[in-house]
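Visitor: Heads up: the sequence lines are chains A and B, in that order. For the record, in the first sequence the residue sitting at position 247 is 272 according to our numbering, with numbers rising by one throughout. For the record, in the second sequence the residue sitting at position 187 is 212 according to our numbering, with numbers rising by one throughout.
Protein chains: 2
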Amino acid sequence: MNQADNIDTLISHFLEHDKKALARLITLAENDPEIARIISSKLRNHSHNSYILGLTGSPGTGKSTLINKLVEFLSDKGFKIGVISVDPTSPYGEGAFLGDRVRMREIILEPNVFIRSVASRGSLGGLSKAVFDIAKLYDAYGMDYIIVETVGAGQSEIDIYNLAYTIILVTVPGLGDSVQVQKAGILEIADILVINKSDLGGDFLKINLNMMLESYTRERGWRPPIIRTIAKEGEGITELFQAIQDHREHVERSGQLNEMKRTHIQKRIQVLIESLLFKQIIQKISMTNEINKATENVLSESQDIYSAVYEILKPFFDKIEKIQ
Amino acid sequence: MNQADNIDTLISHFLEHDKKALARLITLAENDPEIARIISSKLRNHSHNSYILGLTGSPGTGKSTLINKLVEFLSDKGFKIGVISVDPTSPYGEGAFLGDRVRMREIILEPNVFIRSVASRGSLGGLSKAVFDIAKLYDAYGMDYIIVETVGAGQSEIDIYNLAYTIILVTVPGLGDSVQVQKAGILEIADILVINKSDLGGDFLKINLNMMLESYTRERGWRPPIIRTIAKEGEGITELFQAIQDHREHVERSGQLNEMKRTHIQKRIQVLIESLLFKQIIQKISMTNEINKATENVLSESQDIYSAVYEILKPFFDKIEKIQ
Numbered sequence: 026m027n028q029a030d031n032i033d034t035l036i037s038h039f040l041e042h043d044k045k046a047l048a049r050l051i052t053l054a055e056n057d058p059e060i061a062r063i064i065s066s067k068l069r070n071h072s073h074n075s076y077i078l079g080l081t082g083s084p085g086t087g088k089s090t091l092i093n094k095l096v097e098f099l100s101d102k103g104f105k106i107g108v109i110s111v112d113p114t115s116p117y118g119e120g121a122f123l124g125d126r127v128r129m130r131e132i133i134l135e136p137n138v139f140i141r142s143v144a145s146r147g148s149l150g151g152l153s154k155a156v157f158d159i160a161k162l163y164d165a166y167g168m169d170y171i172i173v174e175t176v177g178a179g180q181s182e183i184d185i186y187n188l189a190y191t192i193i194l195v196t197v198p199g200l201g202d203s204v205q206v207q208k209a210g211i212l213e214i215a216d217i218l219v220i221n222k223s224d225l226g227g228d229f230l231k232i233n234l235n236m237m238l239e240s241y242t243r244e245r246g247w248r249p250p251i252i253r254t255i256a257k258e259g260e261g262i263t264e265l266f267q268a269i270q271d272h273r274e275h276v277e278r279s280g281q282l283n284e285m286k287r288t289h290i291q292k293r294i295q296v297l298i299e300s301l302l303f304k305q306i307i308q309k310i311s312m313t314n315e316i317n318k319a320t321e322n323v324l325s326e327s328q329d330i331y332s333a334v335y336e337i338l339k340p341f342f343d344k345i346e347k348i349q
Numbered sequence: 026m027n028q029a030d031n032i033d034t035l036i037s038h039f040l041e042h043d044k045k046a047l048a049r050l051i052t053l054a055e056n057d058p059e060i061a062r063i064i065s066s067k068l069r070n071h072s073h074n075s076y077i078l079g080l081t082g083s084p085g086t087g088k089s090t091l092i093n094k095l096v097e098f099l100s101d102k103g104f105k106i107g108v109i110s111v112d113p114t115s116p117y118g119e120g121a122f123l124g125d126r127v128r129m130r131e132i133i134l135e136p137n138v139f140i141r142s143v144a145s146r147g148s149l150g151g152l153s154k155a156v157f158d159i160a161k162l163y164d165a166y167g168m169d170y171i172i173v174e175t176v177g178a179g180q181s182e183i184d185i186y187n188l189a190y191t192i193i194l195v196t197v198p199g200l201g202d203s204v205q206v207q208k209a210g211i212l213e214i215a216d217i218l219v220i221n222k223s224d225l226g227g228d229f230l231k232i233n234l235n236m237m238l239e240s241y242t243r244e245r246g247w248r249p250p251i252i253r254t255i256a257k258e259g260e261g262i263t264e265l266f267q268a269i270q271d272h273r274e275h276v277e278r279s280g281q282l283n284e285m286k287r288t289h290i291q292k293r294i295q296v297l298i299e300s301l302l303f304k305q306i307i308q309k310i311s312m313t314n315e316i317n318k319a320t321e322n323v324l325s326e327s328q329d330i331y332s333a334v335y336e337i338l339k340p341f342f343d344k345i346e347k348i349q
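1. What residues in the region 28-51 of chain A bring their beta carbon closer than 8 angstroms to a beta carbon of chain B?
2. When you compare the region 75-84 of chain A with the region 183-190 of chain A, are there three or more beta-carbon pairs, one atom per stretch, that lie closer than 8 angstroms?
3. In chain order, what residues of the same chain have a beta carbon less than 6 angstroms from the beta carbon of D224 of chain B, not counting five sequence neighbours either side?
4. Between which two residues does the beta strand (DSSP E) holding Y331 of chain B run?
5. Could you give the distance in angstroms between the alpha-carbon of T320 of chain B and the alpha-carbon of Y331 of chain B?
6. Which residues in chain B sit within 7 angstroms of R287 of chain A, going by Cβ to Cβ distance?
7. Give me the residue from A:F266, A:I36, A:E239 with the minimum Cα distance to A46 of chain A.
8. Nearest by alpha-carbon distance to P136 of chain A: which of A:D101, A:N31, A:G261 is it?
9. For L297 of chain B, which option in A:E336, A:S89, A:P198, A:P250 has the closest C-alpha, if you only look at C-alpha atoms?
10. What is the rounded straight-line gap between the Cα of D228 of chain A and the Cα of T196 of chain A?
11. Does the region 295-310 of chain A touch the region 271-285 of chain B, meaning 3 or more C-beta pairs lie closer than 8 angstroms?
12. Would the beta-carbon of V173 of chain A fall within 7 angstroms of that of I109 of chain A?
13. Quick one: what's got a C-beta closer than 7 angstroms to H289 of chain B's C-beta in the same chain, skipping five residues either side?
14. Specify the secondary structure class of L260 of chain A as computed by DSSP and reduced to three states.
15. Give the single residue among A:I306, A:I220, A:I106 whose Cα lies nearest to the Cα of E260 of chain A.
16. Looking at the unbroken alpha helix (DSSP H) that takes in F229 of chain B, where does it start and where does it end?
17. With a threshold of 7 angstroms between beta carbons, is Q270 of chain A in contact with chain B?
18. For K94 of chain A, I'd like the list of residues in its chain whose CB is within less than 6 angstroms of its CB, leaving aside the five on either flank, ordered along the chain.
19. Give a yes or no on whether the minimum CB-CB distance between N235 of chain B and chain A is below 7 angstroms.
20. If we count the other Cβ atoms within 10 Å of its Cβ and call it buried at 16 or more, is R141 of chain B buried or exposed?
21. For E299 of chain A, go through chain B and note every residue whose CB falls closer than 8 angstroms to its CB, in chain order.
22. What does DSSP give as the partner residue(s) for G107 of chain B in the beta ladder?
23. Using the beta-carbon of each residue, which ones in chain B are nearer than 7 angstroms to R293 of chain A?
24. Taking T81 of chain A as part of the alpha helix (DSSP H), name the residues at either end of that continuous run.
25. Label T90 of chain B either buried or exposed according to how many other C-beta atoms from any shown protein chain fall within 10 Å of its C-beta, with 16 as the threshold for buried.
26. Take A11 of chain B and list the residues in its own chain whose beta-carbon comes closer than 6 angstroms to its own, dropping the five residues that flank it on each side.
27. With a CB to CB cut of under 6 angstroms and the five nearest residues on each side skipped, what residues in its chain are close to A160 of chain B?
28. Determine the contact status of L230 of chain B and I211 of chain B, defining contact as a CB-CB distance below 7 angstroms.
29. Using the three-state DSSP reduction, which class does L68 of chain B fall into: helix, strand or coil?
30. Relative to the C-alpha of N70 of chain B, which residue among B:E264, B:A165, B:V334, B:Q267 is closest?
31. Would you call S65 of chain B buried or exposed, if buried means 16 or more other Cβ atoms sit within 10 Å of its Cβ?
32. Nearest-angstrom Cα distance between K154 of chain A and E239 of chain A?
33. In three-state DSSP terms, what is V195 of chain A?
34. Please work out which residues of its chain come closer than 6 angstroms, Cβ to Cβ, to Q291 of chain B, disregarding the five sequence neighbours upstream and downstream, and give them in chain order.
35. Reducing DSSP to helix, strand and coil, say where K44 of chain B ends up.
36. Span of the beta strand (DSSP E) holding L218 of chain B?
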């Protein structure tokens with residue numbers, strides 16, 4: 026059996042909602058960009074308009090427990106849910122050290138639920154290629170909801186903005202209220218704010234979040250609601266789902282959903298073009314000898330680093346000038 | 026006065042330890058790569074062999090307070106210290122929301138101390154160009170110690186490995202012990218482990234850290250010590266400094282320090298080459314029309330995203346093939 030036959034068989038199983046075929050296709054797409062292309066082209070007309078949620082927050086805010094409960098809630102309502110975890114500290118990954126986190130895996134056994142962890146960063150920063158490929162596969166598989174979990178501690182986390190339609194920021198009382206949202210630009214892109222572990226307090230955090238919200242002039246016609254949850258008790262999940270539905274209705278009715286879909290595709294094409302071009306050029310040009318020579322020059326201070334680099338690049342710049 | 030004169034004047038003030046000239050040179054280098062090159066070349070023979078420390082840890086572990094106390098300690102001993110904060114939640118940045126964090130700025134007033142915050146990520150992921158430029162300027166200025174603070178929550182944080190000689194990982198009890206070190210690869214690169222806020226506990230965390238250390242086969246001839254601190258009380262800072270000195274002696278004696286310096290320069294040259302080449306090519310090629318057309322095709326599902334991208338890139342790939 027050749028590879029193409031193999032993929033065709035897998036895809037037909039996949040379209041009959043075989044979770045194993047889904048898992049296998051994800052792995053194949055991750056390992057070989059050429060196969061990712063083939064799969065992408067074969068599934069072109071199978072979109073189910075999955076609704077994509079982004080969920081982000083600092084480590085220790087209980088994102089995974091919250092997702093666990095939200096997924097249970099959605100699954101009980103009969104929805105199909107695909108989770109993509111980009112959080113390196115997530116218990117869904119292979120890195121779960123302590124036994125007490127293993128219970129989180131229970132939801133994986135639900136027939137309507139599929140969970141996949143991916144490496145945290147793409148080669149050019151931002152969400153990795155795998156996240157987009159998996160989201161596309163989930164969509165073709167027929168997921169009603171796709172939940173993308175990222176850890177919100179750096180500027181690049183706002184890249185979730187380029188994939189999700191509703192972004193949920195999870196905070197907890199006592200972690201340094203401002204620390205959790207400050208500077209990273211996360212508050213500007215959040216559509217729903219969650220105060221998790223709200224049995225530990227949260228009144229002051231709520232005041233703070235409200236204050237910070239005031240300082241953003243929003244032109245989206247949407248003021249992010251602040252939902253209090255105690256994820257480990259399942260409290261506040263109904264309210265969170267209601268907020269998701271409200272925001273979804275808002276973006277659908279206002280035309281923002283369509284606009285987001287267009288922008289997401291456009292950005293994605295741009296990123297793919299840049300990364301593929303880059304890879305092609307780096308493959309073409311090997312400069313090991315030049316780099317080694319420059320390293321010794323800089324180490325001995327006979328040349329500064331920028332002069333060394335420009336000396337290496339000069340001939341290539343001249344050639345690139347001639348392209349087109 | 027033309028720019029070159031201006032820079033020469035600044036540099037002569039800088040070499041007389043004028044903090045304002047240092048601040049100005051950093052800003053100039055940040056804003057204009059061409060000036061960064063000029064400064065770099067003019068300061069080529071002014072290295073002071075600053076010892077570079079990397080300090081990383083999750084948000085909420087008290088990194089900034091710890092740095093504050095460590096800097097005070099080093100300054101009291103008569104050392105010159107330069108701090109670079111790559112942590113978007115650091116109180117040294119402009120993003121400090123709450124008044125109670127402002128007290129952290131006190132150390133800025135010390136004549137021997139200089140602190141600078143930078144944006145968290147470079148365009149290609151990893152530490153931004155500014156971090157390396159500032160470290161170089163600190164070195165030429167005559168800093169004895171350079172401390173680089175990053176927030177350790179993603180895989181890319183391990184990039185501090187490409188700049189620092191001694192890496193300190195800060196943890197706290199109760200934040201989810203495994204969460205703080207798991208998967209991110211930080212434990213593999215840490216030379217000193219700190220349990221901060223150890224008045225809140227930490228026995229279990231210490232056992233856990235020790236356990237995790239066991240699972241790494243180290244060929245560095247160094248077992249990371251675990252130091253307990255209560256930064257806000259200044260407790261454990263002497264022990265932390267002792268550990269830094271021990272590790273420094275270890276890398277100096279074993280020849281690892283020289284090897285690190287060589288590797289850091291080599292990696293840095295590679296990154297500069299790639300990012301400059303990339304920028305040059307992206308500038309050369311504008312494909313707005315092609316991208317817009319492809320976006321509509323993918324949105325309407327008449328083309329899948331990879332086919333669309335390869336169709337755009339094909340002619341460029343053919344041209345790149347002809348380079349060299």
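For every residue, glycine included, the Cβ atom is placed at its ideal position computed from N, Cα and C. This one's a predicted model, so the numbers in the text were calculated from it and none came from an experiment.
Guide: Taking the geometry as given:
1. Those would be none; no residue qualifies.
2. Cβ pair count under 8 angstroms is three or more, so yes.
3. Closer than 6 angstroms at the Cβ level, and outside the excluded window around D224 of chain B, lie I255.
4. In this chain, Y331 of chain B is not harboured by any beta strand (DSSP E); it is covered by the alpha helix (DSSP H) spanning 330-346.
5. Approximately 11 angstroms between the Cα atoms of the pair.
6. Chain B residues near R287 of chain A: T320, L324.
7. Selected option, being the one with the closest Cα: A:I36.
8. For P136 of chain A, the nearest C-alpha among the options comes from A:D101.
9. Ranking A:E336, A:S89, A:P198, A:P250 by CA distance to the CA of L297 of chain B puts A:E336 first.
10. Approximately 12 angstroms between the Cα atoms of the pair.
11. In this structure the region 271-285 of chain B does not lie against the region 295-310 of chain A, because fewer than three pairs of beta carbons, one per stretch, are closer than 8 angstroms.
12. A contact, by the Cβ cut-off of 7 angstroms.
13. These residues qualify, in order along the chain: N187, L188.
14. According to the sequence as given, residue 260 of chain A is Glu; it is not Leu. It is a strand residue.
15. The candidate whose alpha carbon is nearest that of E260 of chain A is A:I220.
16. Note, F229 of chain B: alpha helix (DSSP H), 228-239.
17. Chain B, which has no Cβ nearer than 7 angstroms to the Cβ of Q270 of chain A, makes this no.
18. Excluding residues within five positions, the ones whose Cβ falls inside 6 angstroms are A256, G259, I262.
19. No, because no Cβ of chain A sits closer than 7 angstroms to the Cβ of N235 of chain B.
20. When all chains shown are included, R141 of chain B counts as buried.
21. F303, I307, listed in chain order.
22. Paired residues: B:F139, B:I171.
23. Correct list: I330.
24. Not the alpha helix (DSSP H): T81 of chain A falls in the beta strand (DSSP E), residues 76-82.
25. By the 10 Å Cβ count, T90 of chain B comes out buried.
26. Not covered by the structure: residue 11 of chain B. The range shown for chain B is 26 to 349.
27. Taken in chain order, the residues that qualify are I171.
28. Not in contact: L230 of chain B and I211 of chain B (Cβ atoms no closer than 7 angstroms).
29. It is coil, neither helix nor strand.
30. The shortest Cα separation from N70 of chain B among B:E264, B:A165, B:V334, B:Q267 belongs to B:A165.
31. Counting every other CB atom within 10 Å of its CB across the protein chains shown gives S65 of chain B a total of 16 or more, marking it as buried.
32. If you take the alpha carbons of K154 of chain A and E239 of chain A, they lie about 35 angstroms apart.
33. V195 of chain A falls in the strand class under three-state DSSP.
34. Around Q291 of chain B: no qualifying Cβ.
35. K44 of chain B falls in the helix class under three-state DSSP.
36. Where L218 of chain B is concerned, the enclosing beta strand (DSSP E) stretches over 217-220.
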